[in-house]
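Take a look at the structure below.
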Amino acid sequence: MSEEILINVTPRETRLALIENGLLQEIYLERRSRSGFVGDIYLGKVVRVMPGMEAAFVDIGLERAAFLHNSDIAPIGADGLEIRPEDSAAATIQTQLREGQMIVVQVAKDPIGSKGARLTTHLTLPSRNLVYLPRNNHIGISQRLESEEERERLLSELQQCLKEPGVRNSGGYIIRTAAEGAVASELQEDIRFLQKLWAAVERRIERGKEIRVLYRDLPLYLRAVRDLLTPCVEKIRIDTPDAFREISDFIRDFMPEFLTRIELYSGERPIFDLYGIDDEIDKALGRQVRLKSGGDLIIDQTEAMTTIDVNTGAYLGSKNHAETVLKTNLEAATAIARQLRIRNLGGIIILDFIDMDDPEHQRQVIRTLNKALEKDHARTMVTAISELGLVEMTRKRTRESLGQTLCAPCPVCEGRGRLKTAETICYEIFREIVRVARVYENDELLVMASQLVVDRLLDEESSTLADLEVLTGKTIRFEVEPMYTQEQYDVVLY
Numbered sequence: 001m002s003e004e005i006l007i008n009v010t011p012r013e014t015r016l017a018l019i020e021n022g023l024l025q026e027i028y029l030e031r032r033s034r035s036g037f038v039g040d041i042y043l044g045k046v047v048r049v050m051p052g053m054e055a056a057f058v059d060i061g062l063e064r065a066a067f068l069h070n071s072d073i074a075p076i077g078a079d080g081l082e083i084r085p086e087d088s089a090a091a092t093i094q095t096q097l098r099e100g101q102m103i104v105v106q107v108a109k110d111p112i113g114s115k116g117a118r119l120t121t122h123l124t125l126p127s128r129n130l131v132y133l134p135r136n137n138h139i140g141i142s143q144r145l146e147s148e149e150e151r152e153r154l155l156s157e158l159q160q161c162l163k164e165p166g167v168r169n170s171g172g173y174i175i176r177t178a179a180e181g182a183v184a185s186e187l188q189e190d191i192r193f194l195q196k197l198w199a200a201v202e203r204r205i206e207r208g209k210e211i212r213v214l215y216r217d218l219p220l221y222l223r224a225v226r227d228l229l230t231p232c233v234e235k236i237r238i239d240t241p242d243a244f245r246e247i248s249d250f251i252r253d254f255m256p257e258f259l260t261r262i263e264l265y266s267g268e269r270p271i272f273d274l275y276g277i278d279d280e281i282d283k284a285l286g287r288q289v290r291l292k293s294g295g296d297l298i299i300d301q302t303e304a305m306t307t308i309d310v311n312t313g314a315y316l317g318s319k320n321h322a323e324t325v326l327k328t329n330l331e332a333a334t335a336i337a338r339q340l341r342i343r344n345l346g347g348i349i350i351l352d353f354i355d356m357d358d359p360e361h362q363r364q365v366i367r368t369l370n371k372a373l374e375k376d377h378a379r380t381m382v383t384a385i386s387e388l389g390l391v392e393m394t395r396k397r398t399r400e401s402l403g404q405t406l407c408a409p410c411p412v413c414e415g416r417g418r419l420k421t422a423e424t425i426c427y428e429i430f431r432e433i434v435r436v437a438r439v440y441e442n443d444e445l446l447v448m449a450s451q452l453v454v455d456r457l458l459d460e461e462s463s464t465l466a467d468l469e470v471l472t473g474k475t476i477r478f479e480v481e482p483m484y485t486q487e488q489y490d491v492v493l494y
């Protein structure tokens, strides 16, 4: 599997695309006006404690107060480490926090929709190979590292590094997936970097008496290099000299073996245009995804969950019906995994595959889906096919989806995705005319509406209007209002 990372940097926006075997798999966006906050550490102020929810709202200087649940709070002991009570249910939110209290928190999830950011007091600082837990002595390793021999080697190397002179004997570490193949000197470099970083954060905590940022994560293009760069990545192409130099310095300091894979793109065509990324993004904002077999996916994202419906479409198959359904579902399973990554869909996801009677066919589809999801950087969980033929799954959501980042609700339909028909609006206008006629004694009424609605009133609904004038005893006039949407109208005295 060959991968490429494309980075497009402008003064207002950074865009990053992860390409696998020539196909877009993930897209990351960061805008100066609304960059993400996940991983940032703040000194915040508790503004409201909610005993009924076992949670508190904390002001960290963002537009909306952030949410901190009791389960994400650990009291700090005299040694600066988290205290883990034997019975976590015993510590209520009132005993943990009080209004007006200053507290050090880290953003676990970005603000999404109408919800504020999600916070935690379990602080972590990431580097290339390790995640530092400054308030916890836990030593762990990523579950994605499957080789038991490599896991044992890395844990042994880390333990040896922590015994080296000059290494601070507090805090825990988690070995990241990217550490596969790392040697002791690389782990030592990461440990030194992380401990210096935490020392700087501690100094800011001691000086802080008001709401402020204590630590801000790296910009998108450096985070991506830190988190996405693996031996599978053959090229990193950047289209801006300044970002190229910054990334080169970062790689030279932390991963010199990848230095030959970085490349400054200086072609005349925009880098995303050259690789067709913009077209892929436009497709990812639509509801329908065409499958090569002729079938399709219909993807609907709501506040509560995302639903994905699989259809056979024009595909008839060359064998029996069961084989046709299986082929479409297998192709859909792979396409769904890719769409989840491109669109960054998270939370609860319901998959409605085409009904399959054969249990072995069902198992094949679930196996294909799980295999395709193995490449996903976000944590996923998939259930078996239910009695209703649905697959329930979850995908960890830490930032807004691609649609939420790039789009806003339609001001005409207000996010419904549908408009009332011109006929429906005409009948609403008739009811409003009757209501106004009963209240006021004017001889004439004026109806202001869109061109489409006025045309219908004067054409298909003309006989109804004539009856209405007789019923109300009033003359009804019309005026086209160019600025009105199809659903807007006014009935006023003339």
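Numbered by UniProt numbering, the letters in the sequence shown go through residues 1 to 494 in order.
Glycine included, C-beta positions come from ideal geometry on N, C-alpha and C.
Just so it is clear, the structure is predicted and the values come from calculations on it, not from any experiment.
- DSSP places Q195 in the uninterrupted alpha helix (DSSP H) bounded by 184–207.
- The way I'd put it, the stretch 200–214 doesn't touch the stretch 225–235; fewer than three beta-carbon pairs between them come closer than 8 Å.
- In the structure shown, the three-state DSSP call for A337 is helix.
- In terms of CA proximity to E150, G181 leads the group Q364, D59, G181.
- DSSP places N70 in the helix class (H, G or I) of the three-state scheme.
- One alpha carbon belongs to D300, the other to L24, and they sit about 21 Å apart.
- Annotated three-state conformation of P126 is strand, per DSSP.
- The shortest C-alpha to C-alpha distance from I191 to any of R212, K163, L81, R397 is the one to K163.
- When secondary structure is reduced to three states using DSSP, I247 falls in the helix class.
- G403 sits in a helix when the DSSP states are folded into three classes.
- Distance check between T475 and each of L493, G113, N169 places L493 closest, using alpha-carbon atoms only.
- Rounded to the nearest angstrom, the gap between the Cα atoms of Q106 and G22 is 36 Å.
- When DSSP states are grouped into helix, strand and coil, A117 belongs to the coil group.
- According to the DSSP assignment, A284 belongs to no beta strand (DSSP E) but to the alpha helix (DSSP H) extending over 277–284.
- With at least 16 other beta carbons inside 10 angstroms of its own, S450 counts as buried.
- Fewer than three beta-carbon pairs drawn from the stretch 371–388 and the stretch 414–432 are found closer than 8 Å, and the two stretches are therefore not classed as touching.
- When C-beta atoms of the stretch 48–65 are compared with those of the stretch 138–150, fewer than three pairs fall below 8 Å, so the two segments do not count as touching.
- By the Cβ-count criterion, A304 is exposed, with fewer than 16 other Cβ atoms from all chains shown falling within 10 Å of its own Cβ.
- Non-local C-beta neighbours of D217 in its own chain, meaning closer than 7 Å and more than five positions away in sequence, comprise G39, D40, R223, ordered along the chain.
- Around the beta carbon of N169, a 10 Å sphere encloses fewer than 16 other beta carbons of the protein chains shown; the residue is thus reported as exposed.
- Annotation: A117 to A66 spans about 5 Å, alpha carbon to alpha carbon.
- E461 and R418 have their alpha carbons spaced roughly 23 Å apart.
- Between I336 and I308, the C-beta spacing is below 7 Å.
- Under the DSSP definition of a beta bridge, M356 lacks any partner.
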